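Novice: Chains as they are written, first to last, in numbering that gives the first Met the number 0: chain A, 0 to 371; chain B, 0 to 371; chain C, 0 to 371. We put the CB at the ideal spot given by N, CA and C, even for glycine. Given the structure is predicted, the values throughout are model-derived calculations rather than measurements. Provided herewith is a single structure, encoded as structure tokens, for subsequent inquiry.
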Amino acid sequence: MYLRNAWYVAAWSHELGDELITRTICDQPVLLYRKENGDAVAIGNLCPHRFAPLHMGRKVGDTVQCMYHGMVFGESGACVLNPHRGGVISPAMRVPAYPLIERHGAIWLWTGEAEAADEALLPDYSCYSAPGFAVIRGVMDVAANYELISDNLLDLTHADFLHEGTLSSEAITISKLETLEAGSTVWANRWCPNGDAAPVWGQLMESQLGMKATDPVDHWLYMRWDAPGHLLLDVGITPPGLPRDKGAWVFTGHHLTPVSKDRTLYYWTVVRNHGLDDPAVEAFWQGSIDYAFAVQDKPMIEAQQAALGGRHIDELRPVGIPADVAGAKARRMLARLIAGEARGERARPGSERLDALLARHAASADPVLPVV
Amino acid sequence: MYLRNAWYVAAWSHELGDELITRTICDQPVLLYRKENGDAVAIGNLCPHRFAPLHMGRKVGDTVQCMYHGMVFGESGACVLNPHRGGVISPAMRVPAYPLIERHGAIWLWTGEAEAADEALLPDYSCYSAPGFAVIRGVMDVAANYELISDNLLDLTHADFLHEGTLSSEAITISKLETLEAGSTVWANRWCPNGDAAPVWGQLMESQLGMKATDPVDHWLYMRWDAPGHLLLDVGITPPGLPRDKGAWVFTGHHLTPVSKDRTLYYWTVVRNHGLDDPAVEAFWQGSIDYAFAVQDKPMIEAQQAALGGRHIDELRPVGIPADVAGAKARRMLARLIAGEARGERARPGSERLDALLARHAASADPVLPVV
Amino acid sequence: MYLRNAWYVAAWSHELGDELITRTICDQPVLLYRKENGDAVAIGNLCPHRFAPLHMGRKVGDTVQCMYHGMVFGESGACVLNPHRGGVISPAMRVPAYPLIERHGAIWLWTGEAEAADEALLPDYSCYSAPGFAVIRGVMDVAANYELISDNLLDLTHADFLHEGTLSSEAITISKLETLEAGSTVWANRWCPNGDAAPVWGQLMESQLGMKATDPVDHWLYMRWDAPGHLLLDVGITPPGLPRDKGAWVFTGHHLTPVSKDRTLYYWTVVRNHGLDDPAVEAFWQGSIDYAFAVQDKPMIEAQQAALGGRHIDELRPVGIPADVAGAKARRMLARLIAGEARGERARPGSERLDALLARHAASADPVLPVV
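Shown next, in the form of structure tokens:
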């Protein structure tokens, strides 16, 4: 039901301090903590003795002690101390240990076999650490299956309706959707040259680019999806013909971590190349995202889930439209990967590295699809 | 499980204004709105594209636009506009359309096949529009199966206990219950001549009839049930021997619309021939109904449902008493109708028309059972 | 799933006054009330007519009247009055009647066959009525299976962790656990001579015994379990070598009444031989128990249950430690008793009578296991 051999965002780095925190990821109870050297650790949250949650326990150095009966577990998941008479430790006294990578401000957790954990399968979010960009991060708890959220993100035609008056424009509406599959990546791209900007950009055009909100712009929206649920929208506007770095350039990241089949932790970012130190610009993007995601998208997606009840959407035989193409490609690819995993196949790395893309994009706003 | 070829009250007319409203009727999500000419429309509430609820969308003229991806549906249920590139509309892009009749202040919705929708099957509630009568309407959300509510209404012996001191009297207690079945109608009637009035009538006897609360009265309680869950209580008091229109005459209507097997929207009315423009009389009846239905009946019926859990009452093998007879007739008739429907049989019209009854009753308060 | 031929605490005596009260015991709805002579009665709470709850009715002398349709039931469970026309009472018109014993301030209810109800199977809690002792009683509603609570009580090693700094001591930690099975009783005993007292005792040592909190003590903790879930901890401290009645002697009672498989009413007591009339001592014990049970044990046990979801703990294959031995004995014994009951076997009386134990203990604090 889930892709096991895959990376999921378990937390933003800043969420994990000195305390024990817990997450449910793909129905698995996970405990997260930092060792004394700051390294993050993820192990199963339930003591194998009587299934007390370890997050109700305490850190002891680089280990965690269950506060029900005192068993101590280390980062390998093995029990390293049984404080009871005799102190014998059964080899079965262990919790799962999850491979982790902490990179670009996120803690990425591997839910599959440890020996299959492959850094090359980590999708490229180097833009979170790129010089000349500032990052806002947030997380939403969404009462819906994660694929309903990727459907939403891979079909930006919904902006004309759900985000009418803010994220929609005539130029986007008439643009052509180009989709592409490569490895375990799906792209859904729109290039909208020399047209109107969606209203959300108007304030930035005036304050950041010295333009009028009604001036024509080149506008691009390139959405990348990597299995199982990592999306990156490369989006922005420039005065017509100018390269991306002369405009307002933004990446929005979307990391969909299934809690269960009908609940998702949705980790999001906005990465901007403008007003890096300007609190008004930060507040503008924070507010815009809150409005679009929390006020507009989340209630609609949760209403879809409520309508489905416990059923998979395909059981209701949805009637497709052409705009579904990218979402459908992502759903089929994920289904293939999950089926392949059941046959013992390993996932292949996803898209090209983003640094090449960044370099190319910085030089031009041309409607060049990424080379893959 | 439900009678499909039947009329259910989906809303009071005054509940449906300019806005989209939604109801769940027999487990089906329904959208209600008015066209520009005021006509009410009922269609399925879930867009067949991705099952976004249409009530989160907006009216566009006589149609409704889904605000997720912009599909537009009309009163036939068919998609009439696909705003996406190409604009092709698949014949499958449609929602159910429900036949409606708006009459006597209620919106009646047919859940079965459209071609079987038969106005003759609409039970007669012309008293809601009868000259010389005033109507109060309300609705309660009851966490119980609708047949538990019709059981309650068809056995008025419960007034001696649950409504002790307000709706009960010695004259009712000693009266004989007469039951009658005809078509898909069940009657449960009590005629209580020249006896005491239930205390609820005392205030009206003094203010409306110039009597003392302790004076003897002729008292009648004629309860009519029509499948699947429409009840009408013809009830009142007169000075002994006088015709109904010389007394305090009331109809209470009870329309039980199943939301699901364990939740019901209970639409009720009080229709009175006295104090038509008197706010004190209106407040009296509003308060009496709130007390009897919301404070007394609803908690008891919901407690029954809670005791049943997910089980049908017959699984617990209830022990019957003679007073159950009318409720049992209604349950058996409804079961026969549902079984007949599964074999392709059509329902037959129910009781006699109420106008004949009204005419006859106006002339006399005799214990004449309706001729059917 | 439950032991049926067994006594469960249905309420403390002081909880049952003039009103009807209701309990769910082993998934069965029970009504409790007192007759005019004060005797407690327990019968099924659902009227067999339409399953209205009798606790929404009223007492009429020594009987209870359902306030939906007026059927009246007596302590035998049989309907004794049908107020409806004819008044015939079907022999099926009856609710279950539960044998009761009211003793030592508790109402003990037998869920099995009435003819099997055996007072000899009542575990001995005569300490609740023993001269020279004062009793505090309470009840907690715990969202967990009752065996998770008896696991907790039968393995006091958890005090080192969950009750660290209050109920734990080096002397307890290094003490040897002695377990014993007899009849349907399990003992889990610790004798800790001439060592430190757990911190909870320090205040009492100073105020009640004229000692310093750091003085060495003889400390005993004898936990008795009787099926299906009655526990008694005989616990206390004395100056080394002195008999129990020269020290601070306490019994804590623990009666685990299953509401359902994942919810328990936990009736508890603290019985002390010191500060009998001293409100400060009463407040001290009340506060200590509230802290240990409600703040520390209850959240941990409920977290275990939440981790299990609907599963039995054995489905998750817990990894045992030696400290589990007493809890495991109790679980196995209960499973044997339930299996035996399914084969028609009768339970045998449990432990020795407590009065003999009290007499012996009063004379000595020696680590003598009860003779059984």
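1) Across which residues does DSSP place Pro52(B) in a beta bridge pair?
2) Count the other CB atoms within 10 Å of the CB of Ile173(A); is the residue buried (16 or more) or exposed (fewer)?
3) Please report the distance separating the alpha-carbon of Ser167(A) from that of Met92(A).
4) Whose Cβ in chain B lies nearer than 8 Å to the Cβ of Lys20(A)?
5) Within the 8 Å Cβ cut-off, does Gly85(C) reach chain B?
6) Is there a Cβ from chain B that is less than 8 Å from the Cβ of Met0(C)?
7) Do we get a CB-CB distance below 8 Å when we pair Pro95(C) with the residues of chain B?
8) Tell me the DSSP secondary structure of Glu35(A) in three-state form.
9) For Ser89(A), does the count of other Cβ atoms within 10 angstroms reach 16, so buried, or fall short, so exposed?
10) Taking only three categories from DSSP, how would you classify Trp11(C)?
11) Give me, in chain order, the residues of the same chain whose beta-carbon lies closer than 6 Å to that of His253(A); leave out the 5 immediate sequence neighbours on both sides.
12) Keeping to the same chain, check which residues put their C-beta closer than 6 Å to that of Pro366(C); ignore five residues upstream and five downstream.
13) If Phe72(C) sits next to Ile312(B), beta carbons under 8 Å apart, how far is it from one beta carbon to the other, in whole angstroms?
14) Measuring CA to CA, which of Asp17(C), Pro321(C), Asn81(C), Asp261(C) is closest to Arg57(C)?
15) Between which two residues does the beta strand (DSSP E) holding Lys245(B) run?
16) Per DSSP, which residues does Tyr221(B) bridge with? Please list them.
17) Please name the residue, chosen from Glu314(C), Arg102(C), Gly182(C), that lies closest to Arg335(C) on a Cα-to-Cα basis.
18) When you compare only the Cα positions, how much space is there between Leu255(B) and Glu180(B)?
19) Does the beta carbon of Asp159(C) sit closer than 8 Å to a beta carbon anywhere in chain A?
20) So Trp224(A) packs on Val234(A), CB below 8 Å; how close in whole Å?
21) Quick check on the burial criterion: 16 or more other C-beta atoms within 10 angstroms. Buried or exposed for Ala282(B)?
22) Could you tell me which of Leu232(B), Trp109(B), Pro227(B) sits nearest to Arg331(B), measuring between CA atoms?
23) Here's the rule I'm using: 16 or more other beta-carbon atoms within 10 Å means buried, otherwise exposed. How should Glu205(A) be labelled?
24) Measure from the C-beta of Pro321(B) to each C-beta in chain D and report whether the shortest distance is under 8 Å.
25) Going along chain B, which residues have a C-beta under 9 Å from Ser89(C)?
26) Mapping the DSSP letters down to three states, classify Leu155(B) as helix, strand or coil.
27) Sorted by chain position, which residues of the same chain lie with C-beta nearer than 6 Å to Ala96(A)'s C-beta, five sequence neighbours on each side aside?
28) Going by Cα to Cα distance, which pick from Gly274(B), Leu31(B), Glu314(B), Gln285(B) is closest to Ala105(B)?
29) Using a C-beta cutoff of 8 Å, does Asp150(A) count as contacting chain B?
30) Exposed or buried, what is Glu344(A) when buried is set at 16 or more other beta-carbons lying within 10 Å of its beta-carbon?
31) Check whether the region 197-212 of chain B touches the region 133-150 of chain B, counting contact only when three or more Cβ pairs, one atom from each stretch, lie closer than 8 Å.
32) Suppose the cutoff is 8 Å on Cβ atoms and the five residues either side in sequence are ignored; what does the same chain contact list for Ile337(A) look like?
33) Look up Met204(C) in the DSSP assignment and say whether it is helix, strand or coil.
34) At least one CB of chain A closer than 8 Å to the CB of Leu45(B): is that the case?
35) In terms of residues, what are the limits of the beta strand (DSSP E) holding Pro263(C)?
36) Excluding five sequence neighbours on each side, which residues of the same chain lie with their C-beta closer than 6 Å to the C-beta of His103(C)?
Specialist: Here's the rundown:
1) Leu45(B)
2) exposed
3) 56 Å
4) The residue you asked about is not Lys; residue 20(A) is Ile in the sequence shown. Result: empty, since nearest Cβ-Cβ is about 34 Å, beyond 8 Å.
5) yes
6) no
7) no
8) coil
9) exposed
10) strand
11) Leu152, Leu230, Trp267
12) With a pLDDT of 45 at Pro366(C), under the threshold of 50, the modelled position of that residue is not reliable, and no figure is offered here.
13) Not really, about 19 Å apart at Cβ, beyond 8 Å.
14) Asp17(C)
15) Segment: none, Lys245(B) is in no beta strand (DSSP E) and carries neither H nor E.
16) Asn188(B), Asp233(B)
17) Gly182(C)
18) 20 Å
19) yes
20) At roughly 15 Å, the Cβ-Cβ gap does not stay under 8 Å, so Trp224(A) and Val234(A) are not in contact.
21) exposed
22) Pro227(B)
23) exposed
24) Absent from the structure: chain D. Protein chains present are A, B and C.
25) Val318, Gly319, Ile320
26) helix
27) Ile42, Ser75, Gly76
28) Leu31(B)
29) yes
30) exposed
31) no
32) Met0, Tyr1, Leu2
33) helix
34) yes
35) A quick correction: the sequence has Thr, not Pro, at residue 263(C). From DSSP, the beta strand (DSSP E) with Thr263(C) extends over 262-271.
36) Tyr124, Tyr127, Ser128
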